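Enquirer: Below you'll find the structure I mean.
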Ligand SMILES: Nc1ncnc2c1ncn2[C@@H]1O[C@H](COP(=O)(O)OP(=O)(O)O)[C@@H](O)[C@H]1O
Ligand SMILES: [Mg+2]
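Chains as they are written, first to last, in my numbering: chain A, 3 to 279; chain B, 10 to 266.
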């Protein structure tokens, strides 16, 4: 499918994170650019794959500004101060990038309505506009019946959707989801896939990054896939995580398409790569 | 059927658990009657305890109970306010050691310190309250600190991703997000608080209270009355326990533990 590559929206350079002196991830470098397709609003969907403990969650914490990198930097587009022609970048800060963690954490003492209202507290919208925005999302995401319930009165899927909307309301165009498919049943998996599509179709700059253990799902959903694993250097397997493979499904001409033979081939390739890292 | 009763982790059908409770209650009562039926017995007989109750009423039990409850309410209120301020500020690195240190003071014996309070407080009531506030706070602070420690890191991160400043995170996650736990901390420490109150009342005698009643009746070895008094204290404690749980559950619908 024809597409064009515009300006950079995410730039990660030499990123490393260490906890108490122990290096968890190191030498992470990648760039993602704004993708345009004719007649379709297309955001970016990026999947991060890798075996457990390789540092996917740690990378996400660095990308969201929740953890200060030990070295390197994460730059995102400074949407507020950029124009068509003059694009500015900024270092990522807390709150710039939406983040839905593995447990879909919410405020335990806020109902869905209260939580969404809180997420909009700093927005410039008028009270009436906020109200209608909340109502629209609640309807569209199927939360109408449970909008006055607390997190511990919601199902996993409902909590996750609430967490996603909260982040859409509060952050800009970037959204990171840590293992959004784990522990969900078939129906919920479809829901989350739909949410990811929905975010992408909303705005060309919207960028969703998610991790998963389901390689097929990643291949069918993402247009760019990174594999995080332990690198082998001089024949020796190191024990910090880094990017051991990148697959640009757009360049491979298999992005935004029905799952087929070439997708399956890629799945096998990624599986081998993961097993060796 | 009997085999089931002594099988670990066995679940019985609905009414049987109730029957078992009733059985034990009857047993306790039965043993009490049987053990006190002779001429010489260590514990007072039900009749003696019953007489103890009516004597206590005559001595103004209701006023004494009121006095103890008032003391309890006042000192718990001051103490929880002090404790909450200390604990809510404990996430500040500068003040963290302070909260931890106060929490350690709970190992100090109550009696040795009371002397110093006599220096500062003129009225006995004021002194009682001061002593109780100091000692209760050490326990409240200990429990409240562990409530904060148990907050998963994800909850702080979640607030931060929603652009909460550090102070806002403190307010939303620690203060508002754990308000229901304050009731539970009160409830869990109630046993020790209740014991302290009775003790303090009998050491620093002021306007009566259950502690004074115990002390006076101890001297006369009136077992019936002492027993009756113990029962009153036990039941009051249990009632406050139930009341606090009821408050927590009705004020905070999401508080399901
Ligand atoms: N806060 C932390 N302190 C110390 N070590 C951590 C911390 N968080 C994660 N780790 C360690 O970092 C490694 C990578 O963890 P994580 O990023 O959660 O991996 P993944 O998400 O790929 O499973 C693990 O070995 C884990 O034990
Ligand atoms: Mg993880």
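Ideal placement from N, C-alpha and C gives every residue a C-beta, glycine not left out.
Note that the coordinates shown come from a computational prediction; the quantities given were computed from them, not determined experimentally.
DSSP puts residue 178 of chain A in a beta bridge; with which residues?
Expert: Beta-bridge pairing links residue 178 of chain A to A:101 and A:211.
Enquirer: Comparing alpha-carbon positions, which option in A:218, A:79 and A:185 lies nearest residue 260 of chain A?
Expert: The shortest C-alpha separation from residue 260 of chain A is found at A:218.
Enquirer: For ligand 1, which residues count as neighbours when the test is a C-beta closer than 5 Å to any heavy atom?
Expert: Here the residues come out as A:21, A:26, A:54, A:55, A:56, A:57, A:58, A:59 and A:60.
Enquirer: In angstroms, rounded to a whole number, what distance separates the CA positions of residue 54 of chain B and residue 250 of chain B?
Expert: About 28 Å.
Enquirer: Can you find a CB in chain B that lies within less than 7 Å of the CB of residue 150 of chain A?
Expert: Chain B contact via Cβ: absent.
Enquirer: May I have a chain-ordered list of the beta strand (DSSP E) segments no shorter than 3 residues that lie completely inside the segment 109-162 of chain B?
Expert: Within the segment 109-162 of chain B, no complete beta strand (DSSP E) run reaches 3 residues.
Enquirer: State the start and end residues of the unbroken beta strand (DSSP E) segment that holds residue 47 of chain A.
Expert: Start and end: 46-51.
Enquirer: Using a Cβ-Cβ cut-off of 6 Å (strictly less than) and excluding sequence neighbours within five positions of residue 168 of chain B, which residues of its own chain qualify?
Expert: The residues are 178, 181 and 182.
Enquirer: Which same chain residues end up closer than 7 Å to residue 127 of chain B when comparing Cβ atoms and leaving out the 5 residues on each side of it in sequence?
Expert: 136, listed in sequence order.
Enquirer: Mind reading off the beta-carbon distance from residue 136 of chain A to residue 118 of chain A? Whole number of angstroms is fine, and I expect it under 8 Å.
Expert: Their Cβ separation, rounded to whole angstroms, is 5 Å, which keeps residue 136 of chain A and residue 118 of chain A in contact under 8 Å.
Enquirer: Considering only their Cβ atoms, is the gap separating residue 211 of chain A from residue 178 of chain A smaller than 7 Å?
Expert: The answer is yes: Cβ separation under 7 Å.
Enquirer: Cα-Cα, which of A:78, A:103 and A:55 is closest to residue 164 of chain A?
Expert: Minimum Cα distance to residue 164 of chain A is reached at A:103.
Enquirer: Less than 6 Å between C-beta atoms, sequence neighbours within five positions excluded: which residues of the same chain meet that for residue 269 of chain A?
Expert: Excluding residues within five positions, the ones whose Cβ falls inside 6 Å are 217, 218 and 221.
Enquirer: Roughly how many whole angstroms lie between the Cα atoms of residue 263 of chain B and residue 196 of chain A?
Expert: In a straight line, the C-alpha of residue 263 of chain B is about 30 Å away from that of residue 196 of chain A.
Enquirer: I'd like to know whether the C-beta atoms of residue 252 of chain A and residue 5 of chain A end up nearer to each other than 7 Å.
Expert: Their beta carbons are under 7 Å apart, which means residue 252 of chain A touches residue 5 of chain A by this criterion.
Enquirer: Quick one: list the residues of chain B neighbouring residue 121 of chain A, beta-carbon separation under 8 Å, in chain order.
Expert: The contacting residues are 171.
Enquirer: In or out: residue 182 of chain A buried (at least 16 other Cβ within 10 Å) or exposed?
Expert: Classification of residue 182 of chain A: buried, given that the 10 Å Cβ count is 16 or more.
Enquirer: Helix, strand or coil: how does DSSP classify residue 27 of chain A here?
Expert: Reduced to three states, the DSSP call for residue 27 of chain A is strand.
Enquirer: Please state the DSSP three-state secondary structure of residue 187 of chain A.
Expert: Reduced to three states, the DSSP call for residue 187 of chain A is coil.
Enquirer: Just curious, the beta strand (DSSP E) that residue 196 of chain B is in, first and last residue?
Expert: Looking at the DSSP string, residue 196 of chain B is not in any beta strand (DSSP E); the run it does join, the alpha helix (DSSP H), is 188-212.
Enquirer: Residues in its own chain within less than 6 Å of residue 13 of chain A by CB, not counting five upstream and five downstream?
Expert: Only 33 and 77 meet the Cβ criterion.
Enquirer: Using DSSP bridges, identify the partner residues of residue 17 of chain A.
Expert: DSSP, once it has assigned bridges, lists A:30 as partnering residue 17 of chain A.
Enquirer: Whose C-alpha, out of B:171, B:232, B:213 and B:21, is nearest the C-alpha of residue 121 of chain B?
Expert: Out of B:171, B:232, B:213 and B:21, B:213 has the C-alpha closest to the C-alpha of residue 121 of chain B.
Enquirer: Cutting at 8 Å between CB atoms, please list the residues of its own chain near residue 105 of chain B, excluding the five before and the five after it.
Expert: Closer than 8 Å at Cβ, skipping near neighbours: 99.
Enquirer: In the DSSP assignment, find the beta strand (DSSP E) that holds residue 50 of chain B and state where it starts and stops.
Expert: Looking at the DSSP string, residue 50 of chain B is not in any beta strand (DSSP E), and its letter there is neither H nor E.
Enquirer: Could you name the residues of chain B that residue 6 of chain A contacts, counting a contact when the two beta carbons are closer than 9 Å?
Expert: Within 9 Å Cβ-Cβ: nothing; residue 6 of chain A doesn't reach chain B, min ~32 Å.
Enquirer: Thinking C-alpha only, which one of A:224, A:79 and A:149 is nearest residue 112 of chain A?
Expert: Closest by alpha carbon: A:149.
Enquirer: Mind checking who residue 7 of chain A pairs with in its DSSP beta bridge?
Expert: According to DSSP, which records beta bridges pairwise, residue 7 of chain A is partnered with A:37.
Enquirer: Can you list the residues of chain B that residue 169 of chain A reaches, using a CB-CB cut of under 9 Å?
Expert: Those within 9 Å of residue 169 of chain A in chain B are 170 and 171.
Enquirer: Does the beta carbon of residue 164 of chain B come closer than 7 Å to any beta carbon on chain C?
Expert: No chain C is part of this structure, whose protein chains are labelled A and B.
Enquirer: Under DSSP, the alpha helix (DSSP H) around residue 80 of chain B begins and ends at which residues?
Expert: Where residue 80 of chain B is concerned, the enclosing alpha helix (DSSP H) stretches over 70-97.
Enquirer: Would you mind telling me which residues of chain A sit closer than 7 Å to residue 181 of chain B, beta carbon to beta carbon, in chain order?
Expert: What residue 181 of chain B touches in chain A: 109.
Enquirer: Between the segment 62-70 of chain A and the segment 91-98 of chain A, can you find at least three pairs of beta-carbon atoms closer than 8 Å?
Expert: In short, these stretches touch, since the Cβ pair count reaches three.
Enquirer: Do we get a CB-CB distance below 7 Å when we pair residue 263 of chain B with the residues of chain A?
Expert: Answer yes: the Cβ-Cβ gap between residue 263 of chain B and chain A drops below 7 Å somewhere.
Enquirer: Determine the direct distance from the alpha carbon of residue 24 of chain B to that of residue 196 of chain B, and round the result to whole angstroms.
Expert: Between residue 196 of chain B and residue 24 of chain B, the C-alpha separation is close to 29 Å.
Enquirer: Using the three-state DSSP reduction, which class does residue 28 of chain B fall into: helix, strand or coil?
Expert: Three-state DSSP puts residue 28 of chain B in a helix.
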